[in-house]
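Reading the sequence shown from the start, the letters are residues 456 to 866 in this note's numbering. Shown next, in structure tokens, is the structure this report addresses.
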Amino acid sequence: MPPKLLPDCVKSMAERPGLALFCDRFLNNSFGFHAAEFNATLEHFPDAVIYTLARKINAPYDEKNFVANLPLYEKTYPAMKGRVRQLHARLDNSKPSEATHSLLSVRRGVWQKPRHAYSIFLANAILFLPLWEYLHIPFSFTLYPGGGFQMSEGRSQKGLERIFCSPMFRSVTVTMKNTLDYIRHEFSVPDEKIFYLYGGPLPVEGADKSFSLKKHYPADKLTLDICFAAHRYSAFGIDKGYDSFIVTAEKLRQKFPYLRFHVVGDYNPAIWDVRSLGDSIEFHGFLPTEELAAFYSRMDLFYSACKPGILGKGTFDGFPTGAAIEGAAAGVALGSSDPLNLNEVFSDAQDIILLKGDPSQDAAILAPYLQAPERLYALAGKGRATVLRHFSRAAQMGPRLSRLEKLIAAG
456 MPPKLLPDCV
466 KSMAERPGLA
476 LFCDRFLNNS
486 FGFHAAEFNA
496 TLEHFPDAVI
506 YTLARKINAP
516 YDEKNFVANL
526 PLYEKTYPAM
536 KGRVRQLHAR
546 LDNSKPSEAT
556 HSLLSVRRGV
566 WQKPRHAYSI
576 FLANAILFLP
586 LWEYLHIPFS
596 FTLYPGGGFQ
606 MSEGRSQKGL
616 ERIFCSPMFR
626 SVTVTMKNTL
636 DYIRHEFSVP
646 DEKIFYLYGG
656 PLPVEGADKS
666 FSLKKHYPAD
676 KLTLDICFAA
686 HRYSAFGIDK
696 GYDSFIVTAE
706 KLRQKFPYLR
716 FHVVGDYNPA
726 IWDVRSLGDS
736 IEFHGFLPTE
746 ELAAFYSRMD
756 LFYSACKPGI
766 LGKGTFDGFP
776 TGAAIEGAAA
786 GVALGSSDPL
796 NLNEVFSDAQ
806 DIILLKGDPS
816 QDAAILAPYL
826 QAPERLYALA
836 GKGRATVLRH
846 FSRAAQMGPR
856 LSRLEKLIAA
866 G
């Protein structure tokens, strides 16, 4: 019995939107690059719409989340009003223990079959693949690190095989060179169906405000401030290098008492023992976009030391992380490890400080910059220029939108 999904209610091709974006999350509780990419796509394609389940990160599906988040999104992006539509998921009419398939319906909007579907992350492509095949919708997706993608892991491997064999599959965008090599050699995806573009679209232009407010040590403040910012997906945040950050902070504070440390995200003093840092560490929780400008204006160094394979076989983060790029765009010097050698645009000691992820080594690498803040600020300026050059909307979205135009036209 085929899955019962959305009905194809479209009466003519003229009524179809050219493009529909599909995502299980809502933009307000997702990632900066996710919102930047989807909003830029909606602006470029006037008839494009978003279909979403509005799930929160690391939280069960709750249909009420859409209604809770929509007003803020439409207030922040008034031009997008009416273009985000809620997918409502439920089991079939059997008892839950006897259900054989799920039903999807549209809330607060009308379903229209698009000429092309697009999503980001492997998990989303797998989730919506039955729908796209059932209604014969050609699709493409971006295979970012994370989002259910685990290199050479069984479930992820089978999902990719299923996608690449689909008659509706048209193109995959990859953003890291290890991913490019992997899908070429493991799945023999033809080059004409692969679009490679290093990095991702982030709202780096919005960092101008933060940069204009920039505070420097010792002219404008009495402390040098080092920050860590990341979503927490594991109990202790080891996958994001939170453990390395804390131990490195302990080593640096012994030599530089004027240092202060800041943590953004789902972290608190109980996750890792920080008593040795006393009042030199501050936990900020999640900061909304409008508060990040003021936050980064006070920061001097962003520390990032992600570790691959912690969350499961084949898991890894892109380089640099989205949060690190946003910080660098605001004029914060970027210190980051690169365990998989994914860097393509930064130069060590010129516009980035390449770390090892080992606290003793990282403390030794950072010490010369903390002793000479003017050197740190010079590197931060060059790092900001590199980020704006390679991660700006023009650099990232221009090629992506051109690719989508061609895919829509080709059908």
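Cβ atoms here follow ideal geometry from the backbone N, Cα and C, with glycine treated the same way.
Within the model, the alpha-carbon separation for Ala748 versus His717 is close to 15 angstroms. Residues Arg715, Phe716, His717, Val718 of the same chain have their beta carbon placed closer than 8 angstroms to that of Glu737, with the five preceding and five following residues left out of the count. Between the region 588 to 599 and the region 626 to 642 there are three or more inter-stretch CB-CB distances shorter than 8 angstroms, so the stretches are counted as touching. Remark: fewer than three beta-carbon pairs, one from each stretch, lie closer than 8 angstroms, so the region 652 to 667 and the region 802 to 815 are not flagged as touching.
A contact between stretches requires three or more CB pairs, one per stretch, nearer than 8 angstroms, and the region 641 to 649 fails this requirement with the region 789 to 797. In the DSSP assignment, Glu781 falls within the unbroken alpha helix (DSSP H) covering 777 to 784.
Beta bridge pairing from DSSP links Ser574 with Phe596. Per DSSP, Arg753 lies in no beta strand (DSSP E) segment and is marked neither H nor E. About 54 angstroms separates the beta carbon of Ile618 from that of Ala674, a gap too long to meet the 8 angstroms contact definition. Within a 10 Å sphere around the beta-carbon of Leu584 sit 16 or more other beta-carbons, which makes this residue buried. Taking a contact as a CB-CB distance under 8 angstroms, the pair Pro656 and Glu492 counts as one, their CB atoms being some 5 angstroms apart. Ala704 sits buried, since 16 or more C-beta atoms from the chains shown fall within 10 Å of its C-beta. Residue burial is scored here from C-beta neighbours: Tyr697 has at least 16 other C-beta atoms within 10 angstroms and is therefore classed as buried. Distance between Lys695 and Ala760, taken at the CA atoms: about 6 angstroms.
Closest in alpha carbon position to Leu590, among Ala572, Gly603, Leu577, Phe604, is Ala572. Straight through space, the alpha carbons of Phe741 and Phe750 are spaced by roughly 12 angstroms. Runs of the beta strand (DSSP E) lying entirely within the region 688 to 764 and spanning at least 3 residues, in chain order: 714 to 719, 736 to 740, 756 to 759. Just so you know, the alpha carbons of Leu476 and Leu635 end up roughly 23 angstroms apart.
Annotation note: the region 474 to 518 contains the following uninterrupted alpha helix (DSSP H) runs of length 4 or greater, listed N- to C-terminal: 487 to 499.
The beta carbon of Met606 sits closer than 6 angstroms to those of Tyr637, Gly769, all from its chain and outside the five residues before and after it, given in chain order. Judged by pairs of C-beta atoms under 8 angstroms, the region 842 to 852 does not touch the region 814 to 824, as fewer than three such pairs exist. For the set Arg687, Asp479, Leu756, Glu588, the Cα lying nearest the Cα of Trp727 is the one of Arg687. Secondary structure within the region 768 to 855: the alpha helix (DSSP H) runs of 4 or more consecutive residues, fully enclosed, are 777 to 784, 814 to 826, 828 to 846 (chain order). The Cβ neighbour count for Asn520, taken over all protein chains shown within 10 Å, is at least 16; the residue is labelled buried. Scanning its chain for C-beta atoms nearer than 7 angstroms, with the 5 sequence neighbours on each side dropped, one finds no residue around Lys861.
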